[in-house]
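Participant: Residues 157 to 418, numbered by the numbering used here, are exactly what the sequence shown covers, in order. Even glycine gets a Cβ: it sits at the ideal position worked out from N, Cα and C. Keep in mind the model is a prediction, meaning the values are calculated, not measured.
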Amino acid sequence: PHGLKDLLDKTSIKWVQLPFAGIEKFADAGILDPALTWTCTKGAYGPSCAEHALAFMLAAARRLHVHLPAKSWAGQGPERRLKGCTVLIVGTGGIGRSLVGMLKPLEPRIIASNRSGRPLDCAERTETSDDLTELVTEADYVVVAASLTPETKGMFNREVLEAMRPDAWIVNVARGGLIDTDDLVDVLQKGGIGGAALDVTDPEPLPDGHPLWAMDNVMITPHVANTWNMALPELVEMVRRNVANFSEGRELEGLVDPALGY
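(1) Mapping the DSSP letters down to three states, classify glycine 351 as helix, strand or coil.
(2) Can you list, in chain order, the residues of its chain with a C-beta nearer than 6 Å to that of methionine 375? Leave out the 5 residues immediately preceding and following it.
(3) Check whether the Cβ atoms of glycine 333 and leucine 304 sit closer than 9 Å, and answer yes or no.
(4) Is it right to say serine 403 is buried, meaning 16 or more other beta carbons lie within 10 angstroms of its own, or is it exposed?
(5) On a CA-only basis, which of Leu214, Ile251, Ser254, Lys227 is nearest glutamate 235? Give me that one, please.
(6) Helix, strand or coil, according to DSSP, for threonine 284 in the structure here?
(7) Measure from the alpha carbon of valine 299 to the alpha carbon of each residue in Val256, Glu318, Pro275, Val341, then state which is nearest.
(8) Note down, one range per segment and in chain order, each alpha helix (DSSP H) of at least 4 residues found wholly within the stretch 269-321.
(9) For glutamine 232, does the count of other Cβ atoms within 10 angstroms reach 16, so buried, or fall short, so exposed?
(10) Terminal residues of the continuous beta strand (DSSP E) containing valine 172?
(11) Within the same chain, show all residues whose beta-carbon is closer than 8 Å to that of asparagine 401, passing over the 5 residues directly before and after it, in chain order.
(12) May I have the straight-line CA-CA distance separating arginine 321 from proline 414, to the nearest angstrom?
(13) Can you tell me the Cα-Cα spacing of isoleucine 245 and alanine 268, whole angstroms?
(14) Per DSSP, what kind of secondary structure is asparagine 328 in: helix, strand or coil?
(15) Determine contact between the stretch 181-188 and the stretch 160-168, defined as no fewer than three beta-carbon pairs at a distance below 8 Å.
(16) Using the C-alpha atoms, what's the distance from arginine 397 back to leucine 416?
(17) What does the Cβ neighbour count give for lysine 198, buried or exposed, with the cut at 16 atoms within 10 Å?
(18) Is the stretch 166-175 close to the stretch 311-326, with three or more CB pairs under 8 Å?
(19) Just confirm the distance between the C-beta atoms of leucine 276 and threonine 282, as a whole number of angstroms; I'd bet it's less than 8 Å.
(20) Can glycine 348 be considered in contact with the ligand COA, in the sense that its beta carbon sits closer than 8 Å to one or more heavy atoms?
(21) Have a look at alanine 230 and arginine 219 and give me their C-alpha separation to the nearest angstrom.
(22) According to DSSP, is valine 374 part of a helix, a strand, or is it coil?
(23) If we count the other Cβ atoms within 10 Å of its Cβ and call it buried at 16 or more, is cysteine 278 buried or exposed?
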């Protein structure tokens with residue numbers, strides 16, 4: 157971010173295309189000048205992250221975290237389908253919108269939450285983030301797909317986590333800082349929720365020996381919901397479209413609101 161700030165100070169650039177969907181580092185560095193037009197790749201990486209969230213939910217539903225490490229034939233447990241379950245999607249940007257389309261054929265009940273309460277297509281209803289503690293009481297799976305901002309950091313704290321159902325899973329494919337890790341560890345150790353599936357953590361990388369590694373109801377992947385081999389084709393196409401849009405005076409994709417930080 158600081159190298160970009162030096163460049164902007166010395167040039168007359170009017171538009172900056174950032175190659176990331178999460179731009180909190182740039183917001184934290186204070187370089188999102190509202191006098192410039194800023195775009196990021198939000199939306200472009202949504203499908204791959206949504207696939208990962210769906211994989212996590214299916215794995216939790218079929219208890220793969222129990223069966224895959226097993227070295228002998230075990231009895232059946234409370235495996236279940238996603239059909240008829242309730243999925244709460246927190247954050248209705250690219251990941252949330254993509255996930256709804258993937259979930260629809262599996263027939264869960266879908267509810268959603270975002271900052272404004274603006275409806276998410278195909279969701280039964282969409283509430284504001286202010287109602288999060290109440291909303292999580294309805295969900296079998298809570299999918300964290302929000303942007304990380306000063307307002308959303310730690311939004312899944314002890315109060316929210318303890319309000320979840322004792323058999324519910326929290327799935328995070330967005331940013332680790334959205335969940336208070338210490339609170340999550342404590343709630344998991346007390347059996348307060350069914351489990352956690354995390355592609356992102358805080359801190360990241362998650363240190364060796366961290367309590368989360370030892371929990372048999374926690375699935376962790378090393379921030380691979382969207383890797384460069386998956387992202388690059390989407391990034392190239394989005395930049396190509398935006399260059400054409402900018403040249404022809406059309407609205408750009410992935411516009412960033414500097415005041416909101418996403």
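Facilitator: Based on what the coordinates show:
(1) strand
(2) His221, Ala353
(3) yes
(4) exposed
(5) Leu214
(6) strand
(7) Val256
(8) 288-291, 314-319
(9) exposed
(10) 171-173
(11) Glu407, Leu408, Glu409
(12) 36 Å
(13) 5 Å
(14) strand
(15) yes
(16) 24 Å
(17) buried
(18) no
(19) 5 Å
(20) The ligand COA is not part of this structure, which contains no ligands at all.
(21) 12 Å
(22) strand
(23) exposed
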